[in-house]
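Asks: Dumping the structure here so I can ask a few things about it.
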Amino acid sequence: MTATLIDGKASAARLREKIAAEAARLKSAHGLVPGLATVLVGSDPASEVYVRNKGKTAEGLGFKSVHVSLPADVSQDTLHAKVRELNADKSVHGILVQLPLPKPLDENPMLDILDPAKDVDALTPTNAGLLLSGRAHLVSCTPAGVMLLLREYVGDIAGKDVLVIGRSLLFGKPAAQLLLAANATVTMAHSRSRDLPAIARRADILVAAIGKPGFVKADWIKPGATVIDVGINRVPAESGKTKLVGDVDFEAAKAVAGAITPVPGGVGAMTIVCLMRNTLIAACAQNRLLPPAV
Ligand code: NAP
């Protein structure tokens, strides 16, 4: 048996088209151009690539894109002043501060002052709390992307056993809340979980967000299960260069799973488009318009 490949790239392309159409409609009907500001502190090459792609994607959709670059040795106060300036800028509807921040900067006080209405990564305590209360309107981009893929490839997940490995604020915790809200029976595992292979074998849907290449083995997977690989790990390739792999031993797992996301081309492809969707949602909300149809 070979698993169905969950084509995140194709799903993301379809979502991108819908967002572009909604952005065009907002512009012609209301003169509203969604604005996304990215803030990068320091010059980590991977973060630079992520931020550049976010800006380019926003521009490609007809959004306004603002980029703020701050030196690695910027003070916490200067960073906060920049965030406050963007909070007050009416042409900016979404603010993304690329994390992690270089040491000794602390992301928590920065998240405490970031306007929750513009928090398109949904990392502020307000947005985390709204998600817990079932009232979120901005949801973390990667978990949101995973839910869209599950809706498309699995359909109704009510009553299904779902295992999420990883409990980060960015992915594991919000993903578990969204899965629970969709009536799945959710188990969360982490580095202290005992006998992870046995827990994994019970899962109808296994979601891995660990950050360890090939960590989830094929014999952990229930035959026919859906496997969502969130991991993005850079490893040496035979060519002498590097390549991206996920947290699941993909080649072996696809012989057991019913459906599986590749890395790259799976979850990652959805994340950036969901960021644009959040920017659109934020722009509508800040202008007292109905939520966009995306
Ligand atoms: P993270 O903050 O790096 O945390 C990793 C999680 O994995 C922690 O909860 C940790 O448990 C758990 N873990 C570590 N070792 C483990 C083990 N041996 N057994 C079980 N659990 C273990 O997580 P993250 O930020 O969510 O990132 C996870 C991966 O997803 C990374 O590869 C990242 O690059 C990728 N990612 C991808 C996207 C995307 O767009 N596709 C977005 C976000 C993240 P403890 O809590 O006990 O330490």
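Numbering (the working numbering), first residue to last: 319 to 612.
From the three backbone atoms N, C-alpha and C, an ideal C-beta is built for every residue, glycine too.
All values reported here derive from a predicted model rather than from experimental measurement.
Using a Cβ-Cβ cutoff of less than 7 Å, which residues in the same chain neighbour residue 365 once the five nearest sequence positions on both sides are dropped?
Replies: Hits under 7 Å: 358 and 416.
Asks: Going along the chain, which residues of its own chain have a beta-carbon closer than 8 Å to the beta-carbon of residue 329, five neighbours each way excluded?
Replies: Only 466, 467, 470, 587 and 588 meet the Cβ criterion.
Asks: Mind checking whether the beta-carbon of residue 467 lies closer than 6 Å to any heavy atom of the ligand NAP?
Replies: No - the ligand NAP has no heavy atom lying nearer than 6 Å to the Cβ of residue 467.
Asks: State buried or exposed for residue 445, treating a residue as buried only when at least 16 other CB atoms are found within 10 Å of its CB.
Replies: Counting Cβ neighbours within 10 Å, residue 445 comes out buried, since at least 16 surround it.
Asks: Can you have a look at residue 481 and say buried or exposed, based on whether 16 or more other CB atoms are within 10 angstroms of its CB?
Replies: By the neighbour-count rule (16 or more Cβ atoms within 10 Å), residue 481 is buried.
Asks: Quick one: Cα of residue 447 to Cα of residue 557, how far?
Replies: Cα-Cα distance, rounded: 46 Å.
Asks: Could you work out which residue in 392, 457, 346 and 323 is closest to residue 590 when comparing CA atoms only?
Replies: Nearest of 392, 457, 346 and 323 to residue 590, Cα basis: 457.
Asks: Please give the ranges of any alpha helix (DSSP H) in the segment 511-547, keeping only runs that are unbroken, at least 4 residues long and fully inside the region.
Replies: Qualifying alpha helix (DSSP H) stretches, in chain order: 514-518.
Asks: Tell me the rounded alpha-carbon separation between residue 378 and residue 522.
Replies: Each residue's Cα considered, the two are about 37 Å apart.
Asks: Anything with a beta carbon under 5 Å from a heavy atom of the ligand NAP counts; list them all in chain order.
Replies: The filter returns 460, 484, 485, 486, 488, 489, 508, 509, 527, 528, 529, 548, 549, 550, 585, 586 and 589, in chain order.
Asks: For residue 463 and residue 547, I'd like the C-alpha separation in whole angstroms.
Replies: Whole-angstrom Cα-Cα distance: 12 Å.
Asks: Can you name the start and end residues of the beta strand (DSSP E) that residue 552 belongs to?
Replies: That run of the beta strand (DSSP E) goes 551-554.
Asks: For the candidate residues 572, 351, 553 and 571, whose alpha-carbon lies nearest to that of residue 563?
Replies: Taking only the C-alpha atoms, the option nearest residue 563 is 553.
Asks: Count the CB pairs spanning the segment 383-395 and the segment 592-603 that are closer than 8 Å, and state whether there are at least three.
Replies: Because the criterion of three Cβ pairs below 8 Å is not met, the segment 383-395 and the segment 592-603 do not touch.
Asks: What residue does the beta strand (DSSP E) around residue 505 start on, and which one ends it?
Replies: First-last of the beta strand (DSSP E) with residue 505: 503-507.
Asks: Report the three-state DSSP secondary structure of residue 348 (helix, strand or coil).
Replies: Residue 348 falls in the helix class under three-state DSSP.
Asks: Residue 493 lies in the alpha helix (DSSP H); which residues open and close that run?
Replies: Element bounds for residue 493: 490-499.
Asks: Using only the alpha-carbon positions, how far apart do residue 567 and residue 516 sit?
Replies: Near 17 Å, if we compare the C-alpha coordinates of residue 516 and residue 567.
Asks: Name, in chain order, the residues that DSSP records as bridge partners for residue 622.
Replies: This structure leaves residue 622 out entirely; the chain is present only between 319 and 612.
Asks: Helix or strand or just coil, what does DSSP make of residue 412?
Replies: Here residue 412 sits in strand by DSSP.
Asks: Considering only residues of the segment 412-492, which uninterrupted alpha helix (DSSP H) runs meet the minimum length of 4 residues and lie entirely inside it, listed in chain order?
Replies: Here the runs fully enclosed are 425-431, 443-450 and 459-471.
Asks: Report the three-state DSSP secondary structure of residue 360 (helix, strand or coil).
Replies: Coil.
Asks: Name the two residues that bound the continuous beta strand (DSSP E) containing residue 388.
Replies: It spans 382-388 - the beta strand (DSSP E) in which residue 388 sits, taken as one unbroken run.
Asks: Could you spell out where the alpha helix (DSSP H) holding residue 395 opens and where it closes?
Replies: From DSSP, the alpha helix (DSSP H) with residue 395 extends over 394-406.
Asks: Are any of the Cβ atoms in chain C nearer than 7 Å to that of residue 357?
Replies: No chain C is present in this structure, which holds just one protein chain.
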